[in-house]
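Engineer: Each residue of the sequence shown is one higher than the one before, starting from 94 at the first, in the numbering used here.
Where is the CB? At the ideal position from N, CA and C, for every residue including glycine.
The structure's right below; bear with me while I get my questions together.
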Amino acid sequence: MSRRTIIAGNWKMNTRAAGGAQLAQGIADAVGENPTVEVVVCPPSVYLSRVGDVLAGSAVSLGAQNLYPAQDGAFTGEVNAAMLCDSGCRYVILGHSERRAILGETDAQISEKLAAALAGNLVPIVCVGETLEDRESGNTEAVVETQLRGSLEGLDEARASGVVIAYEPVWAIGTGKTASPEQAEEVHAFIRKLLGELFTEDVAQQMRIQYGGSVKPDNAKELLGQPNIDGALVGGASLKVDDFVAIINAG
Ligand code: PEP
Numbered sequence: 094m095s096r097r098t099i100i101a102g103n104w105k106m107n108t109r110a111a112g113g114a115q116l117a118q119g120i121a122d123a124v125g126e127n128p129t130v131e132v133v134v135c136p137p138s139v140y141l142s143r144v145g146d147v148l149a150g151s152a153v154s155l156g157a158q159n160l161y162p163a164q165d166g167a168f169t170g171e172v173n174a175a176m177l178c179d180s181g182c183r184y185v186i187l188g189h190s191e192r193r194a195i196l197g198e199t200d201a202q203i204s205e206k207l208a209a210a211l212a213g214n215l216v217p218i219v220c221v222g223e224t225l226e227d228r229e230s231g232n233t234e235a236v237v238e239t240q241l242r243g244s245l246e247g248l249d250e251a252r253a254s255g256v257v258i259a260y261e262p263v264w265a266i267g268t269g270k271t272a273s274p275e276q277a278e279e280v281h282a283f284i285r286k287l288l289g290e291l292f293t294e295d296v297a298q299q300m301r302i303q304y305g306g307s308v309k310p311d312n313a314k315e316l317l318g319q320p321n322i323d324g325a326l327v328g329g330a331s332l333k334v335d336d337f338v339a340i341i342n343a344g
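Okay, structure coming up:
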């Protein structure tokens, strides 16, 4: 089963209008159509349209960092799937560990967001991952399994193959500590096995699982070379054109 590699840049709450447009332009200029590697950038929501304009006609897709799972209405400060689509998004990151930890986002909320994303024709990137404490107490698989089961609750088997999973050990995000390729592959293989149980073996083989956590140009090739690692969700290194393009070229 060949799965198309997906490299996504999560800009988090970084950049300003002009700098974001410049960053997007640099990436768009450096990335050509590639049947084996797909590239996504996820700027802050206020800059989606502007970055989308820069990316128009390029090989780089636009993604959002979150959505609110409701139709229009009294949800002050929130943005829904239809608005993201309207702004040119094709992807949306859901359940990033920063949202889980800082904003208290739960698996149940993430599963609602997942349903809203799919109903709105967005491709969800669902994040899971253990803390250092979880890992050191031998609970990595249990934590990842609970997050996956909860976040994917209600997901129809027919739509599952279009969902992207991002395994992001919390202890490796923004810390400079990367999971070794073997550590990452072990969890990715576990996730794929679990997806086979939740859906079918065939669906599990089609689903893409990204690794995230201090992915840099110098570790990308080895990580992306693992059999169950189908891409990367990149934070810090996605804010520099040269670093992000080097990671893309490693895919
Ligand atoms: C992330 O934001 O999802 C991430 C993995 O960040 P970093 O690459 O900076 O660790």
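Where does Tyr140 sit, in a helix, a strand or coil, going by DSSP?
Structural biologist: Tyr140: helix per DSSP, three-state reduction.
Engineer: Could you tell me which residues DSSP puts in a beta bridge with Arg301?
Structural biologist: Paired residue(s): Val257.
Engineer: Run through DSSP, which three-state label would Cys182 get?
Structural biologist: In the structure shown, Cys182 sits in coil (DSSP, three-state: anything other than H, G, I, E or B).
Engineer: Taking three-plus beta-carbon pairs below 8 angstroms as touching, is the stretch 308-326 in contact with the stretch 275-289?
Structural biologist: Contact between the stretch 308-326 and the stretch 275-289 is present, because at least three Cβ pairs lie under 8 angstroms.
Engineer: Distance check for Arg109 and Leu245, CA to CA, integer angstroms please.
Structural biologist: Those two C-alpha atoms are separated by around 33 angstroms.
Engineer: Excluding the 5 residues preceding and the 5 following Leu160 in the sequence, name in chain order all residues of the same chain whose CB lies nearer than 7 angstroms to its CB.
Structural biologist: Correct list, in chain order: Val172, Asn173, Ala174, Leu177, Val185, Lys206, Ala209 and Ala210.
Engineer: Considering Asn312, what are the terminal residues of the alpha helix (DSSP H) in which it resides?
Structural biologist: Residues Pro310 to Leu317.
Engineer: Is any heavy atom of the ligand PEP found at a distance shorter than 8 angstroms from the C-beta of His189?
Structural biologist: Yes, since a heavy atom of the ligand PEP falls inside the 8 angstroms radius drawn around the Cβ of His189.
Engineer: To the nearest angstrom, how far is it from the Cα of Glu181 to the Cα of Leu287?
Structural biologist: Strictly speaking, residue 181 in this sequence is Gly, with Glu absent from that position. Cα to Cα, Gly181 sits roughly 33 angstroms from Leu287.
Engineer: For Ile266, does the three-state DSSP call read helix, strand or coil?
Structural biologist: Reduced to three states, the DSSP call for Ile266 is coil.
Engineer: Nearest to Pro274 by CA position, among Leu141, Gln298 and Lys309, is which residue?
Structural biologist: Among Leu141, Gln298 and Lys309, the Cα nearest to that of Pro274 belongs to Lys309.
Engineer: Going straight from the alpha carbon of Ala313 to that of Ala212, what length do you get?
Structural biologist: Whole-angstrom Cα-Cα distance: 33 angstroms.
Engineer: Indicate, with yes or no, if the ligand PEP has a heavy atom lying under 8 angstroms from the CB of Asn107.
Structural biologist: Incorrect: Asn107 has no Cβ contact closer than 8 angstroms to the ligand PEP.
Engineer: Does the count of Cβ pairs from the stretch 194-206 and the stretch 108-125 closer than 8 angstroms reach three?
Structural biologist: With the cut-off at 8 angstroms, the stretch 194-206 and the stretch 108-125 do not touch.
Engineer: Tell me whether the beta-carbon of Val219 lies closer than 9 angstroms to the beta-carbon of Val256.
Structural biologist: Closer than 9 angstroms, so yes.
Engineer: DSSP state of Ile99, grouped into three classes?
Structural biologist: DSSP places Ile99 in strand when its eight states are reduced to three.
Engineer: Round the Cβ separation of Ile120 and Phe292 to the nearest angstrom and send it over; I've been treating them as touching at under 8 angstroms.
Structural biologist: The pair is not a contact, with the Cβ atoms about 33 angstroms apart (cut-off 8 angstroms).
Engineer: For Val139, count neighbouring C-beta atoms within 10 Å of its own C-beta (all shown protein chains included) and say buried if the count is 16 or more, exposed if not.
Structural biologist: That one is exposed.
Engineer: Specify the secondary structure class of Pro274 as computed by DSSP and reduced to three states.
Structural biologist: Helix at Pro274.
Engineer: What did DSSP end up calling Glu238 once you bin it into helix, strand or coil?
Structural biologist: Glu238 falls in the helix class under three-state DSSP.
Engineer: Verify the contact flag: Val257, CB atom, against every heavy atom of the ligand PEP, threshold strictly below 8 angstroms.
Structural biologist: False, no ligand heavy atom lies under 8 angstroms from that Cβ.
Engineer: Exposed or buried, what is Ala194 when buried is set at 16 or more other beta-carbons lying within 10 Å of its beta-carbon?
Structural biologist: Per the 10 Å Cβ criterion, exposed.
Engineer: Name the two residues that bound the continuous beta strand (DSSP E) containing Leu326.
Structural biologist: Where Leu326 is concerned, the enclosing beta strand (DSSP E) stretches over Gly324 to Val327.
Engineer: Taking only heavy atoms of the ligand PEP into account, decide whether any of them is closer than 8 angstroms to the Cβ of Cys220.
Structural biologist: The answer is yes for Cys220.
Engineer: Looking only at C-alpha atoms, which of Ile341, Thr271, Ala330 and Ser254 sits nearest to Ile302?
Structural biologist: The shortest Cα separation from Ile302 among Ile341, Thr271, Ala330 and Ser254 belongs to Ser254.
Engineer: In its own chain, which residues sit with a C-beta less than 7 angstroms from the C-beta of Thr129, not counting the 5 before and 5 after it?
Structural biologist: Arg97 and Thr98, listed in sequence order.
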